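Enquirer: Protein chains in written order, with the UniProt record's numbering: chain A, 1 to 415; chain B, 1 to 1129.
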């Protein structure tokens, strides 16, 4: 079981500590941890489980904040990691983002939340909807109130009814003026295009996000027109697993508000909506680079938010890059990001430039990988179609809405 | 708030940034103590209290110690405002342990809150009350938890379940039974939320009390999908352990694949049954199981890899071989079936930990064909979050090693993404090379080729290593690999020639290494590769790569025509370059010289000779001595064996039989045994922390012994016992059969063996004997009581969940050893303590006669006899000094002069014949620090028959080895040994019984050690002088015992208690309490003796020591037990 949770800023400062059990963990462990980070470089930031001389540490880094948990005994490491992720989710949900100042400004709420989320090292209440009922998130009204009256309490006086019900994720006596439920398909395309320009792997990681504002205790069923496209699925705890096993129908009592109903993966897609073609030609110490971006298969909707990012190899000393569309930004750590935005109708964006190599180096022999991001509204590239959404016990006919969206996920083009 | 808006410009600018943070608690965090907090805390306004508490919380967050506000904060616990209450609770929990007395003040309010109609208030009160770790209120908390466990509110019941481990953590044995009873009750709860929390309580309190699970097994399985995710993780583990303990392993599962093969091979001899063992191909592809690894995995899961590896030296393959009773079948056993059924939907869970836990169950229990089910969910986990990816991959790696066919169709999912961390990348590479098959290898290679040009050269080098592994695994592709690698080597080496960077070298070296590994498998077909490599030698600059190429050259110099043709040229080149090579390469060149000469054909020798002798000559005068030495040795070889200098002689071959030639041939010739690939044999249960860190984390427990739990299907027999026994714990564990217990005890012994090496404290032989003694004592007990002992050992092993005790292995061990007794002891005590009478023993001090030892007897000392005894007086010089009375007496005819005792000088005197005849003490401790002696006054003259007394003062520093002294008498020096007595490393610490008990309660758990011994001295006395009836026999025995204690250890007798209700002859329950403090650090040391038995028999005395210095306490305990058990003289 976890013994302690620390929140560290990106400079290693301990923002807060929450001791969870009687076996106190000294703050010194954070110094040890930060020293390791400093000596071993950032690669350690990506290692989730570290064994220090006295404790095992689990870390999750979100937006510069390190969530560090300590234990001394055997426990499932994924449990700790999942929990820390959950804490990070809840906090960023409460505070509208995560950064050092937000945590400092709202440290009391963070403490109160942590105290509800974990007790004696074992997770207690992690369902965001219930937490919201127990501890009110900071909002403009409460802020203004606190300035005017100097006093508001964000701790609820009553226990959320959901903790007692058989659907612990939902309040029993919800009343909404507007009865509405929205279903969003949010997909991310993971693709790898190898050096020869061949599509090595192309798959969709998607989530069915539901925003439910329904009164009472609604029982929903959601069915897909083509459930056979799914390769893998994972469900929110509210989904009844039996109907899915039998007819691949999602039957559930939704939590109130926004939640992820399921996530899925569709593998072996045949093509990507856009292409990125990088080219390098090197000669006597310099290297010409040209990158072409264009539409391969028109998805029917406009593609926007296109960015191409890559990191110049360490042997490149200077670079001069110019795009014919959008803007290029080269950061100190040699990361170049080319922001294209919306795909222009009339021309294909391209970027070209020269890279100067280290002295003594004739030609480039290591090549960067290009990360491509894009967004297509209104299309689920996996081809998944929602058939229908039914409400079993309608108090009044709800308003239903469906949307779809595809983004670039781990979309990588090797050069 | 207004204090923030000062008049200065600086604070104005601050104020402007404050605007964004307005209404938040930002100012409290930034300047928590800019107003004085104390008056705010005492304010009558809730808002001001609240602000003060927030400021305190900010200080806690920033790591300041603000426990001095404790009394003021505690007062506020009575508040009605929930927010203030919450903040007070947060503060209380943070500091309660530091300020136990003040914390007690809050208990009444908690008690009141527990009766509050608002369940939230009840739950908070319970959580906080249980979180205040005070022994004094433990029983109150237990009552509260018991009450809350029956609360109508689910949330309160859940909090009660979570509070149980907090209570258990205090290690109060008398509560164990009650705690477990509540756990059992909560496991039966209707609400899944409570069951989940109860499961976590079960796992940390009594993970091996399977009878609690057995009663509810089916229901727990059914409720599993509804339990919330965190509870699921724990519950899955519990159910798996139960199923194995109850039913054993599944015949069709992977765990028994090795046995399966054996059975098959046996059955194949038997023609009739052979048709049964034909395995159907599954999905067209046969199940490719690496049985060897699967077997290791299974054994590791069951025994823990440390134990398994320790045993590996003397493997007997049948040790896993169960008789049929320990094997069950997934198809016919309902319990196993339902477990698999209920865990399979969990593979779709959102929580990756749940998925992995469920996958673990299927991995261990499911029939081999059904394991496939876990693959997709596991792979899908890789997409969930970056942090869990690494952990999941670590587990997949093990699965893939044991059963590559599971993952081989999904090789694409392990393709590396540039956003992966380095560790993830290497793990993926390893998995890819494990699961590569003939069909997938070509696409995998395409991927690898891309990675070789990755800017991260370390990763590129790892890719090359993976290519090498694949080529070795799949000989079909080795040629393709080799060609690709060769191309890479050639292009890399040309790159290197231009820009040499440290990172670039890694890749080239790895390429050559991989090529070498592939060539080793079949050198003859790869001659051209060697030639190519050698030809590019000139452009290769990495010394390690050059060295390897030269090694290959020497090793394979005669495998083909091409190589032997180019050898002379190469050696000319090498001779030319020799001076500029690195040491590593030079050594290889010299080696290669010998190999070439040994293998070369006669006609080439003359050509080679010049170059080689030139090289050797150069090497002889090299700057590096290693190279010089080797050159000399090898030159000797050659000059002898091969007639190196007389090549023209026709008959040089006759000298081939020279011995040195044989040596050379032996060293350089011969086929090298390729060292098998280093393989990680460390497997831990899937999803465990130990599997990630690759060592057994404290508290890690392998799977229980299959079928070790025999259920009481025949109408709960233990309930009968239940009424008689006060302890539920014992009878619950009664139905666990002996095998499990054995497993556990043996576990400890192995641990203690491994701990021995690292311990500086217990090193000497007799120390080990002591250790062994306690262990034997544990297992050799009378059958019934011994059973209890072991049971409680096992139950305390559940306490491994507790973290504090795990800090020191030594402490833990000792605690485990000794606590076994305490379980029973405390139950005895609790029986007895109902009514006690205090016996006062007066004048005991005068009767104390410390034992004396001989330092030198007259026969050895030319008539001088020296006797010493430890004295109870406290040194005036320093409190760390122990006083020793030394009596000298002259038994000879002549007077003696200048008798003096001093510490031995560093140069030991040769005279060591003297051996003191004193009874062998427990010489336990060796310590780096030397004992020091305050010199005594010299005795000028000792006449015949005259005695003289002196006082020695020694600072022993816990040093238990004999102190070597030099006794000079009449100018002669003699070495003598003074044996320290740990009983006098302490001095009496007078205290009354109340403070004794209080102190004792503060030193629980690992600070408490118990051993038992028999005391029989009173028997002699009774027999000797027929007891006068008026003298109370109880008093007499107590006196005897106290005397024995006091004359052997420098303690203060605190009290002697006896039960009032005791029978006439029954001494059971009498307890003596003694106190002392350690000389050099004044740490209190409490000794309690508890008697058992009757007057007419040897008494069983259990000696308990409470001392913060655990090791010292243990040693003292051993000493006390030793002298108590000593026969009277």
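Using N, Cα and C, we set each Cβ at its ideal position, and we do this for glycine too.
Small disclaimer: the values here were computed from a predicted structure and weren't measured.
Taking the alpha carbon of residue 192(B) as the reference point, which residue from 181(B), 227(B), 206(B) and 203(B) has its own alpha carbon closest?
Expert: Taking only the C-alpha atoms, the option nearest residue 192(B) is 227(B).
Enquirer: List, in order along the chain, the chain A residues whose C-beta lies closer than 9 angstroms to that of residue 92(B)?
Expert: By Cβ distance, chain A contributes nothing, its closest Cβ being about 12 angstroms from residue 92(B), past 9 angstroms.
Enquirer: Taking the alpha carbon of residue 84(A) as the reference point, which residue from 111(A), 116(A) and 66(A) has its own alpha carbon closest?
Expert: Ranking 111(A), 116(A) and 66(A) by Cα distance to residue 84(A) puts 66(A) first.
Enquirer: Taking Cβ positions, are residue 299(A) and residue 379(A) nearer each other than 9 angstroms?
Expert: Result yes, Cβ atoms of residue 299(A) and residue 379(A) sit closer than 9 angstroms.
Enquirer: With a cut-off of 9 angstroms, does the C-beta of residue 383(A) fall near any C-beta of chain B?
Expert: No, because no Cβ of chain B sits closer than 9 angstroms to the Cβ of residue 383(A).
Enquirer: Can you list, in chain order, the residues of its chain whose CB lies under 7 angstroms from that of residue 301(A), leaving out five sequence neighbours each side?
Expert: Counting only Cβ-Cβ distances below 7 angstroms, and skipping sequence neighbours, we find 376, 377, 378 and 379.
Enquirer: Taking residue 350(B) as the query, report the chain A residues whose CB atoms sit under 8 angstroms from its CB, ordered along the chain.
Expert: Per Cβ cutoff of 8 angstroms: 234, 235, 236, 237, 260 and 263.
Enquirer: Looking at chain A, is there any beta carbon in it that lies within less than 9 angstroms of the beta carbon of residue 415(B)?
Expert: Output row for residue 415(B): interface = yes.
Enquirer: Report back the beta-carbon spacing between residue 398(A) and residue 180(A) to the nearest angstrom; my notes put them in contact at under 8 angstroms.
Expert: Yes, they are in contact, since the Cβ atoms of residue 398(A) and residue 180(A) sit about 6 angstroms apart, within 8 angstroms.
Enquirer: From the DSSP output, in three-state form, read off residue 35(A) for me.
Expert: Three-state DSSP puts residue 35(A) in a helix.
Enquirer: Since residue 159(B) meets chain A, which of its residues come closer than 8 angstroms, beta carbon to beta carbon?
Expert: By Cβ distance, chain A contributes 119 and 124.
Enquirer: Would you mind telling me which residues of chain A sit closer than 9 angstroms to residue 700(B), beta carbon to beta carbon, in chain order?
Expert: Those are 73 and 74, listed as they occur along chain A.
Enquirer: In chain A, which residues lie less than 8 angstroms from residue 207(B) when you measure between Cβ atoms?
Expert: Going along chain A, no residue has its Cβ under 8 angstroms from residue 207(B), so there is no contact; the nearest lies around 11 angstroms.
Enquirer: On a CA-only basis, which of 539(B), 169(B) and 471(B) is nearest residue 514(B)? Give me that one, please.
Expert: Comparing Cα positions, the closest option is 471(B).
Enquirer: Classify residue 579(B) as buried or exposed, calling it buried when 16 or more other Cβ atoms lie within 10 Å of its own Cβ.
Expert: Burial call: exposed.
Enquirer: Report the rounded CA-to-CA distance for residue 919(B) versus residue 1123(B), giving the unit in angstroms.
Expert: Reliability fails at residue 919(B), whose pLDDT of 39 lies under 50, so the model's placement of it is uncertain and no value is given.
Enquirer: In angstroms with no decimal places, state the Cα-to-Cα distance between residue 74(A) and residue 91(A).
Expert: Whole-angstrom Cα-Cα distance: 27 angstroms.
Enquirer: In terms of residues, what are the limits of the alpha helix (DSSP H) holding residue 345(B)?
Expert: Neither: residue 345(B) is in no alpha helix (DSSP H) and is coded neither H nor E.
Enquirer: Beta strand (DSSP E) containing residue 280(A): first to last residue?
Expert: Here the beta strand (DSSP E) through residue 280(A) covers 274-283.
Enquirer: Round the Cβ separation of residue 352(A) and residue 290(A) to the nearest angstrom and send it over; I've been treating them as touching at under 8 angstroms.
Expert: The Cβ separation is near 4 angstroms, so the contact holds.
Enquirer: Going along chain A in order, which residues have a C-beta closer than 8 angstroms to the C-beta of residue 225(B)?
Expert: Per Cβ cutoff of 8 angstroms: 241.
Enquirer: Straight-line CA distance for residue 565(B) to residue 616(B)?
Expert: Straight-line Cα distance between these residues: approximately 21 angstroms.
Enquirer: Short of 8 angstroms in beta carbon distance, which residues of its chain neighbour residue 89(A), apart from the five on each side in sequence? Order them along the chain.
Expert: Taken in chain order, the residues that qualify are 128.
Enquirer: Between residue 511(B) and residue 464(B), how many whole angstroms is the CB-CB distance? I'm expecting something under 8 angstroms.
Expert: That pair is a contact at about 5 angstroms.
Enquirer: Assign residue 1106(B) to one of three DSSP states: helix, strand, or coil.
Expert: Strand at residue 1106(B).
Enquirer: When Cβ atoms are compared, which residues of the stretch 194-219 of chain A fall closer than 7 angstroms to chain B?
Expert: So the close ones are 194, 195, 200, 201 and 205.
Enquirer: Just list the alpha helix (DSSP H) runs in the stretch 399-433 of chain B, keeping only unbroken ones of 4 residues or longer that don't cross its boundaries, in chain order.
Expert: Listed in chain order, the complete alpha helix (DSSP H) runs (minimum 4 residues) inside the stretch 399-433 of chain B are 404-407.
Enquirer: Would residue 8(A) pass as an interface residue toward chain B - the criterion being a Cβ-Cβ separation below 9 angstroms?
Expert: Judged by the 9 angstroms Cβ criterion, residue 8(A) is not in contact with chain B.
Enquirer: Chain A partners of residue 127(B), CB-CB under 9 angstroms?
Expert: Ordered by position in chain A, the residues that pass the 9 angstroms Cβ test against residue 127(B) are 115, 119, 120 and 124.
Enquirer: Near residue 377(B), which residues of its chain fall below 6 angstroms by C-beta distance, leaving aside the five closest residues on each side in sequence?
Expert: Within the same chain, residue 377(B) has close Cβ partners 347 and 355.
Enquirer: Whole angstroms are fine: how far does the CA of residue 985(B) sit from the CA of residue 808(B)?
Expert: Low confidence applies here, because residue 808(B) scores a pLDDT of 41, under 50, leaving its location unreliable and the question unanswered by this model.
Enquirer: Do residue 304(A) and residue 374(A) have their C-beta atoms closer together than 9 angstroms?
Expert: Yes.
Enquirer: If I'm right that residue 585(B) touches residue 546(B) with Cβ under 8 angstroms, what's the distance once you round it to whole angstroms?
Expert: With 8 angstroms as the limit, residue 585(B) and residue 546(B) qualify as a contact, their Cβ atoms being about 5 angstroms apart.
Enquirer: If you reduce the DSSP assignment to three classes, tell me which class residue 99(A) lands in.
Expert: Note: residue 99(A) maps to coil in three-state DSSP.
Enquirer: Rank 106(A), 35(A) and 212(A) by C-alpha distance to the C-alpha of residue 26(B) and give the top, closest one.
Expert: The shortest C-alpha separation from residue 26(B) is found at 106(A).
Enquirer: Pick out whichever of 142(B), 964(B), 63(B) and 99(B) has its Cα sitting closest to the Cα of residue 174(B).
Expert: Of the candidates 142(B), 964(B), 63(B) and 99(B), the one whose C-alpha sits nearest the C-alpha of residue 174(B) is 142(B).
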